[in-house]
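Everything on this sheet refers to the single structure shown next.
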Amino acid sequence: MRANGNSTHEILGKIVTAIASIAMTAAFAVPAMAASDSGTAADSGTTQQSGQYKIYPQPQNTEYGDGSLILRDKANTVVEPGIDSATKARLNEALKLKGIETTAADAVPETAYQLNVLVGINGSNGVVDKYAKQLIADGTLKVDDSTFSKNDSYVLAVRQGNAKTPDTILVLGRDTDSAFYGLTTLYQIFQQLPGRAVSNLTFSDWADVKSRGFIEGYYGSPWSTKDRVNLMTWGGYYKMNTYVYAPKDDPLHRNNWRGLYTKDQIENEIKPQADAGNKSKVRFVYALAPFHNDGEARGKHFRFDTEEHYQEDLKELKAKYMQTIDAGVRQIALLADDSTDWGAQYGNDNTYVRVLKDLTDWIHELQQEKNDDGTAKYEGLKDTILYCPALYSYTGAGDAWYKDIPSNVQIVMTGGRTFGVASKDFADTFTKNTGRAPFMWINWPCSDMNRNTAYQYLVMGGQNNFLKPGATYGTYDGIMLNPMQQSEPSKQGIFMAADYSWNLWQSEKDGQQSWEDSFSYIDHNSPIASKGSRGLRDLAMNMRILNDGGIDGAHKDAEYDAINKWWINNESVDYTGKLDVKGVLTELKGKLDGGTATAADFSQALTVYTTLQRAAKNYRANPGDKNMFDQIEPWISYWDDLTASAIDYITAAKQALAGDTETAKATYATAKAAFAKSDTHTIADYYQRNKPARGGLVIVRPTVQALDSFVKAKTSGSVTPTPSAATVSTNGVGAAAWHENVDPKAVIDGDDSTFFWMQSAGCDCVKANAALTVTYAEARKAKEFRFIQAEKGGDTIVNGKIEYQDADGNWTKIGDVNGNQKQIFTLDSAATVKAVRITNLAQTSKWWKVYDLSATKIDEPGTVTKDALNAKIAEAEKVDSADWTKSSREALAGAIAAAKAVAADQDATQAKVDAAVAALESAMKGVERYTAKTADQLKAEHVSNDNATYTEASYNKYQSAYDDFAAALANADDLAKADGEALEAAYTAAKSALRYDQSARDYAQLALNDAEPYVGKASEYTKDSYAKFTVAYEALSKQLKADPNGEGDPATYTALRAALDKAIKGLVKSDGTEPERPGEKPGENKPGENKPGEKPGVNKPGADGKLSNTGADVFGLIAAMTMLAAAGVTMACLRKRIG
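The sequence shown begins at 1 in the UniProt record's numbering and counts up one residue at a time.
Okay, here's the thing in structure tokens:
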């Protein structure tokens, strides 16, 4: 018999050959499949072995049961009437992730072999609420009685059905917003599924903090409408619920608060933003600041002086709010920050308390207004009003008047200072004194103090200083961050606050883990890390500082740098411990500053800078969000140039240490040019002044500057004192306020591009008799003295004197300071110098920039011995460096050449001879080269994922490890053995951890589950047709049992499932009637036609529905498939053991 022109034997032969090919491919061409995606939680997105998913913000109570529900391609949805359109949209969005088509139902379907998705509101007495209560009553669902009394609480339950009951996903919220949050959790679960199986689980979840969000309240360029819409939309995925519109530069917000928006502004700005807030549940909270009485707002403030004025202004205040409410705004705020304290003049009860009571009454009236059809005119309008007092920092005074403010009003506080913190201690004190929990306004990651710095920076961390662990439910009434003028990178801090405020951290490790996990979410809104998000994470680790400009005074905190006036925020600390940027570079900088660094000291630093360089390239090539990339591109370009300069400086340092001075000078020039270029990528600040984007300000950049000074000294023969060999002191002048460049070490670092910026106390000046002194640890012989200050006419002194102090403490004048930028003073004969001092003789009206003040040391002649040098040269020439890295070979050759030059130099000092010996000894400690694998070999074994065979999480990690290894092998001649082996190990581990996408296996399991009703029914069908079903059923069953970890090839499962489907279609009732198909509804889902659980578009063997009359051929096919599938799994397991 022929089917479609081919005999059954021909078809069988082709299928067996194809399956054999697949099995052989699985056995020999791909790595072993791990049971779960390996790596950290940030890499995997879900720990499948334990069945636990990565959800942010982290849920309160998660319980995982045995087994899992396999998602079908179709679902019945039951949504209660109280669920709003935004929540329905989130439901559809979640189901769309897995390609699930929906059919709406009014009642809960009870038929087995179906998927029900139910969304309701607790206490509504609706169909879903009743269904959930029944589950609770019969013990199927366990929910604590107190759950739904808490903020934004919901229950998410996933229950696998059986032969009598359907599969069920249930979301029950305290209200429609809470249900939205439950569906958002479901969305995150679906994002990270390796297939279609969802663990049986129950999440009972709620928010520890009622209001969670951010305020546009910084001093800087305001966000655009697009920025705000994007940020609210994104924030909705992390259960934020508050965005406060309060840009300082909007005149209609503060200076001209009475003015109404134009029709165009309403339609194109307010309405789109309000709509985005309502859809995302990150409500667009419209704020007014009517109490300001300064600058352009002078005389336009809200008036309390007479009843008539009060009523007039209250009417205008309501009218302004009403304009935005009519445009869709559903929550308002009233701000008195940075404004006149009218309560101090007229009494708080007569001013702020009265306004807030009147606004509350008015909002309640609006809530009662109805449309003609009886629905609420302002649906969703909230009576929660944010109020920020004039005295917003709160330092511990009583302020009992806050108790008189209506309970619906949230009282905003910044946490004890302007750049305050969210801490239990502050909140407890405030609550004790006022009877109200505070709504925390945290000025982090706010960067608007960069208006007072010479650079622009990003704040990509700092939770350790601004979000303190230990608080509990109800400690705060709300938490909102004041972010950066760059809206997209502000997501990093906002994400942290979302996690913190939903489920308050109890340890610093909670915050560290949240920081580590944040970058995939802020880059591409996913729990699965990518090459781009990993690159962004590595850079962000070195961009954490926050400059408060000293506005809150000094802090007794190791994390606060009083000189630079910034919070260090763990900058350059790797929470995973994988890349110790801080440790490696701090150690190197110490040696560079001391002039003691050797070639061997640069290896780890080179790895650090190379890693950061690759991170910038990876992020640039793979950004998950174009808006994010566009906003931070200047910083990425900065990192490109800074790391290039660092790598060149290290190369130059090695060349100089090897004695190849001329080459080192050329490399140094290249490095210096790259460093200068790093400052050409600018951003406009609050005053629209373009300033360079910078990062790594605590560790990374200063080490690059130290490299510059070190190489310069080595190539010029300079013996300028290092910071450890000299100290800088001042009298009558000190570090300038509000600026960088306030480290006095700049005066003695040997780098004429760095400077110390000074001013006298109490004025923008340098007072007469102010002095700057450099004192040496040991007295030195010197004849020449250098003094470099700002360019002429700049921040200079023009009338001063320079003196030196001898070993006996006597001061001698050397010459006069005349205002020139660079002055060199030379004595008639060398003197013994202990210190050198510049004294200003007439008060200036400017600050003072000093780049260098030094006495150039003269080496004294002495007896020179070269025996050790000549012996070391002979020893070095015998070293076999054939297996060394290129850099090591070059370093040795250079050191030998330089040493020979010193040996032949009749004028060489003993210091130069000793340095040459030290350089030789260092160069003789060569680094062995990695040779185990070549770039071509690695390329040949690359595993592709063109057909999405592997899970996104496992493949992303594999590709990242592959790229890292390939990049290193591209310069294999200079790849150290230890580094190569580490890269190879990481690559091999990632390759072994590749995991097949489980969709095919899950569909197969679902097909097997759906076939259960046919099992044991042999008497109801013809012998031949039932025998074929039994063979197909057992073949798939055995394959699934043999492959519990999902290591089998997806094609095997597709083929076995197709065979089972065909066998079911071929079942013939013994009495000749049409058999029933479990899970079908009349007129739909005929067997094999988009059967629930079948993936749409899958090509199925025998699509014509015909079966061979010869059972032996089918049995042979199944047997061959089963043996080959088992062989494939066995080989995969064997490879895992071997690998």
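All residues carry an ideal CB built from backbone N, CA and C; glycine is no exception.
Status (buried if at least 16 other CB within 10 Å, exposed otherwise) for residue i
{"i": "E1047", "result": "buried"}
{"i": "A32", "result": "Because A32 carries a pLDDT of 33, less than 50, the predicted location of this residue cannot be relied on, and no value is offered for it."}
{"i": "D907", "result": "exposed"}
{"i": "P81", "result": "exposed"}
{"i": "H942", "result": "exposed"}
{"i": "R537", "result": "buried"}
{"i": "A23", "result": "Since pLDDT at A23 reaches only 40, below the 50 mark, its modelled position is unreliable, and no value is offered."}
{"i": "S944", "result": "exposed"}
{"i": "K626", "result": "exposed"}
{"i": "Q311", "result": "exposed"}
{"i": "Y131", "result": "buried"}
{"i": "S1025", "result": "buried"}
{"i": "D37", "result": "Low confidence applies to D37: its pLDDT is 35, below 50, so where it sits in the model is not reliable, and the reading given next is rough at best. Burial call: buried."}
{"i": "K925", "result": "exposed"}
{"i": "R303", "result": "buried"}
{"i": "C446", "result": "buried"}
{"i": "P483", "result": "buried"}
{"i": "S149", "result": "exposed"}
{"i": "R298", "result": "exposed"}
{"i": "V253", "result": "For clarity, residue 253 is His in the given sequence; the question names Val instead. Looking at its Cβ environment, which holds 16 or more other Cβ atoms inside 10 Å, H253 is buried."}
{"i": "N92", "result": "exposed"}
{"i": "A336", "result": "buried"}
Residues near residue i by beta carbon distance below 7 Å, same chain, minus five either side
{"i": "S50", "result": "For S50, the predicted model reports a pLDDT of 44, less than 50, meaning its position is unreliable; a value from the coordinates is still stated below. Closer than 7 Å at the Cβ level, and outside the excluded window around S50, lies no residue."}
{"i": "T670", "result": "D648"}
Own chain, CB closer than 8 Å to residue i, minus 5 neighbours either side, in chain order
{"i": "D997", "result": "P194, G195, A948, T949, Y950, T951, P1050"}
{"i": "N690", "result": "T682, I683, A684"}
{"i": "A986", "result": "A961, D964, F965"}
{"i": "I858", "result": "R780, K781, A782, K783, A830"}
{"i": "S393", "result": "M413, T414, G415, G416, R417, T418, G420"}
{"i": "K712", "result": "Y668, S718, G750, D751"}
DSSP bridge partner residues for residue i (one or two, in chain order)
{"i": "C388", "result": "L335"}
{"i": "I858", "result": "None, per the DSSP bridge assignment."}
{"i": "L853", "result": "F787"}
{"i": "Q759", "result": "G734"}
{"i": "G800", "result": "V817, N840"}
{"i": "G478", "result": "S211, F439"}
{"i": "A831", "result": "A782"}
{"i": "T826", "result": "E784"}
{"i": "Y726", "result": "For the record, residue 726 in the displayed sequence is Ala; it is not Tyr. Answer is Y776, bridged to A726."}
Collapsed DSSP secondary structure at residue i in the structure displayed
{"i": "R258", "result": "coil"}
{"i": "A89", "result": "helix"}
{"i": "L1067", "result": "coil"}
{"i": "L115", "result": "strand"}
{"i": "Y649", "result": "helix"}
{"i": "T988", "result": "helix"}
{"i": "K432", "result": "helix"}
{"i": "S423", "result": "coil"}
{"i": "E877", "result": "helix"}
{"i": "P1013", "result": "helix"}
{"i": "K74", "result": "strand"}
{"i": "D361", "result": "helix"}
{"i": "V79", "result": "strand"}
Own chain partners of residue i with C-beta closer than 6 Å, once the 5 adjacent residues on each side are dropped
{"i": "R837", "result": "A771, T773, E803"}
{"i": "L201", "result": "Y64, V158"}
{"i": "P489", "result": "L458, I632"}
Identify every run of the alpha helix (DSSP H) within the stretch 205-291, keeping only runs that are complete inside it and at least 4 residues long; order them along the chain.
Segments of the alpha helix (DSSP H) lying fully in the stretch 205-291: 225-235, 271-280.
At 4 residues or longer, what runs of the alpha helix (DSSP H) sit wholly inside the stretch 103-184?
If only uninterrupted alpha helix (DSSP H) runs of at least 4 residues are considered, those enclosed by the stretch 103-184 are 127-137.
Entirely within the stretch 520-571 and at least 3 residues each: give me those beta strand (DSSP E) ranges in chain order.
If we require 3 residues or more, the stretch 520-571 turns out to have no beta strand (DSSP E) run fully inside it.
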